[in-house]
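FYI, in the numbering used here the residues of the sequence shown are 2 to 285.
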Amino acid sequence: MKKSAAEDHQTLSNTYGEAAISERTCREWLQRFKNDDFKVEDQHGGGREVFEDAELEALLDQDSCQTQQELAGSLGVTQQAILKRLKVMEMIQKQGHWVSYELKPRDVERRLFACEQLLARQRRKGFLHRIVTGDEKWVHYDNPKRRKSWGYPGHAARSTAKPNIHGSKVMLSIWWDQLGVVYYELLKPTETITGDRYRTQLMRLSRALKDKRPQYNERHYKLILQHDNARPHVAKVVKTYLETLKWEVLPHPPYSPDVTPSDYHLFRSMAKAWLSSTSGLMDK
2 MKKSAAEDHQ TLSNTYGEAA ISERTCREWL QRFKNDDFKV EDQHGGGREV
52 FEDAELEALL DQDSCQTQQE LAGSLGVTQQ AILKRLKVME MIQKQGHWVS
102 YELKPRDVER RLFACEQLLA RQRRKGFLHR IVTGDEKWVH YDNPKRRKSW
152 GYPGHAARST AKPNIHGSKV MLSIWWDQLG VVYYELLKPT ETITGDRYRT
202 QLMRLSRALK DKRPQYNERH YKLILQHDNA RPHVAKVVKT YLETLKWEVL
252 PHPPYSPDVT PSDYHLFRSM AKAWLSSTSG LMDK
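Rendered as structure tokens:
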């Protein structure tokens, strides 16, 4: 009577307890046995090939930035064995990303509290449809895109010049909700965001909302404005004007761009659309 790998693994677990091999290893061995390969020791002579997923996971929990060579050295196996097991475990390597500020414990607590409060509020009564998100971003005129190219081994890949960080650029101010963009402005090259200018922008945003989103008034929705804690956004003239509008300002934990929809959603999509666009953007 044939048994499945799961049944065989259960038998081994009942017999050897925690010392039993994993079900995945059991499946690999059964496949070898079907091919008349009854060797379970290291076939490369350079160390053991069989190890538990938990051993590899424990090493990655300690330091997820270890190389395959380092993992192989710690487990006494070959790099090929590590690579194969990582693929079986469906693990991938991701490039780390830069953050503008390393959060201190107090900042982490404030951020966690703010996010938990917002999640609890959404569970009680949905409010996401009332949010208008605003932010600013520098838009560079020159946005070259690196491209992959075919070539023979040893031949140089196609080169692309890096964009000039001091090149021509313009400041974009934009506000949007779940239906799309409500209002945006492109500032002149010599202009920057100040408290007074931001208040003027909010005045124009208010008019745009009445024109493009009449449902806010028709359904008596109280608009919720989401923006970060940049100085112009929290200037006294801005706070005073927002009080006259009777808009609610959504709490935003400091140094948290990854919880701002414009940063992790809108601007990423826009950046992809800008790739390879040069003088055309300048004309606009």
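We put the CB at the ideal spot given by N, CA and C, even for glycine.
Segment limits, beta strand (DSSP E) that includes residue 225: Counting along the chain, residue 225 sits inside the beta strand (DSSP E) bounded by residues 225-227.
* Contact check, residue 251 vs residue 210, beta carbons under 8 Å -> Taking 8 Å as the Cβ cut-off, residue 251 and residue 210 do not qualify as a contacting pair.
- Task: In angstroms with no decimal places, state the Cα-to-Cα distance between residue 30 and residue 12.
- Result: Counting only the Cα atoms, residue 12 lies some 15 Å from residue 30.
task: Leaving aside the five residues before and after residue 139 along the sequence, list all residues of the same chain whose C-beta is less than 8 Å from its C-beta, in chain order.
output: Excluding sequence neighbours, residue 139 sits near 170, 171, 172, 173.
Check whether the Cβ atoms of residue 87 and residue 177 lie closer than 8 Å to each other.
Taking 8 Å as the cut-off, the beta carbon of residue 87 is found no closer than this to the beta carbon of residue 177.
*Tell whether a beta-carbon distance below 8 Å holds between residue 258 and residue 108.*
Going by C-beta atoms, residue 258 is not nearer than 8 Å to residue 108.
Exercise. Quick one: what does DSSP say residue 185 is sitting in, helix, strand or coil?
Worked result: It is a strand residue.
- Of all the options 181, 216, 219, which has the alpha carbon lying nearest to the alpha carbon of residue 271? The shortest CA-to-CA distance from residue 271 to any of 181, 216, 219 is the one to 181.
key: residue 233 and residue 195 closer than 8 Å at C-beta   = Yes, they are a contact pair.
Which of the three DSSP states, helix, strand or coil, is assigned to residue 22?
Under the three-state reduction of DSSP output, residue 22 falls in the coil class, being neither helix nor strand.
Are residue 197 and residue 238 close, meaning C-beta to C-beta below 8 Å?
-> Going by C-beta atoms, residue 197 is nearer than 8 Å to residue 238.
Taking the beta carbon of residue 248 as the centre, do at least 16 other beta carbons fall within 10 Å, making it buried, or is it exposed?
The residue in question, residue 248, is buried, as its Cβ has 16 or more Cβ neighbours within 10 Å.
Work out the CA separation of residue 142 and residue 61 for me, nearest whole Å.
Each residue's alpha carbon lies about 42 Å from the other.
Problem set entry | From 56, 185, 262, 70, residue whose alpha carbon lies closest to that of residue 81 | Taking only the C-alpha atoms, the option nearest residue 81 is 70.
Quiz item: With C-beta atoms as the reference, is residue 25 less than 8 Å away from residue 89?
Solution: Here residue 25 is near residue 89, since their CB atoms are less than 8 Å apart.
Quiz item: From residue 85 to residue 58, what does the alpha carbon distance come to, in whole angstroms?
Solution: Computed Cα separation, rounded: 14 Å.
* **Residue span of the alpha helix (DSSP H) that contains residue 57, given as start and end** => Where residue 57 is concerned, the enclosing alpha helix (DSSP H) stretches over 54-63.
*For the putative contact between residue 235 and residue 206, defined by C-beta atoms under 8 Å, what is the C-beta separation to the nearest angstrom?*
So it is not a contact: roughly 17 Å between Cβ atoms.
On the three-state DSSP scale, how would you describe residue 134? Reduced to three states, the DSSP call for residue 134 is strand.
- Query: Does DSSP classify residue 249 as helix, strand or coil?
  - Reply: Here residue 249 sits in strand by DSSP.
What's the C-alpha gap between residue 119 and residue 263?
In this structure, the alpha-carbon of residue 119 lies about 17 Å from that of residue 263.
query: How many Å lie between residue 231 and residue 92 at the Cα?
result: Near 38 Å, if we compare the C-alpha coordinates of residue 92 and residue 231.
Check: Leaving out five residues before and five after residue 217 in sequence, what residues of the same chain have Cβ atoms less than 7 Å from its Cβ?
Finding: When the five nearest sequence neighbours on each side are left out, the beta carbons in the same chain lying within less than 7 Å of the beta carbon of residue 217 are those of 210, 224, in order along the chain.
Check: Short check: CB of residue 23 to CB of residue 54, under 8 Å?
Finding: In contact: residue 23 and residue 54 (Cβ atoms closer than 8 Å).
*Look at residue 203 and residue 242 and say whether their C-beta atoms are less than 8 Å apart.*
Contact flag set, yes.
Practice task
Could you pull the start and end residues of the beta strand (DSSP E) that residue 204 belongs to?
Solution key: For residue 204, no beta strand (DSSP E) segment is defined; the enclosing uninterrupted segment is the alpha helix (DSSP H) at 196-213.
inquiry  = For the alpha helix (DSSP H) containing residue 119, name the first residue and the last one.
reply    = Unbroken alpha helix (DSSP H) run through residue 119: 106-125.
Problem - Cβ pair residue 222, residue 131 closer than 8 Å - result: For residue 222 and residue 131, yes; Cβs fall inside 8 Å.
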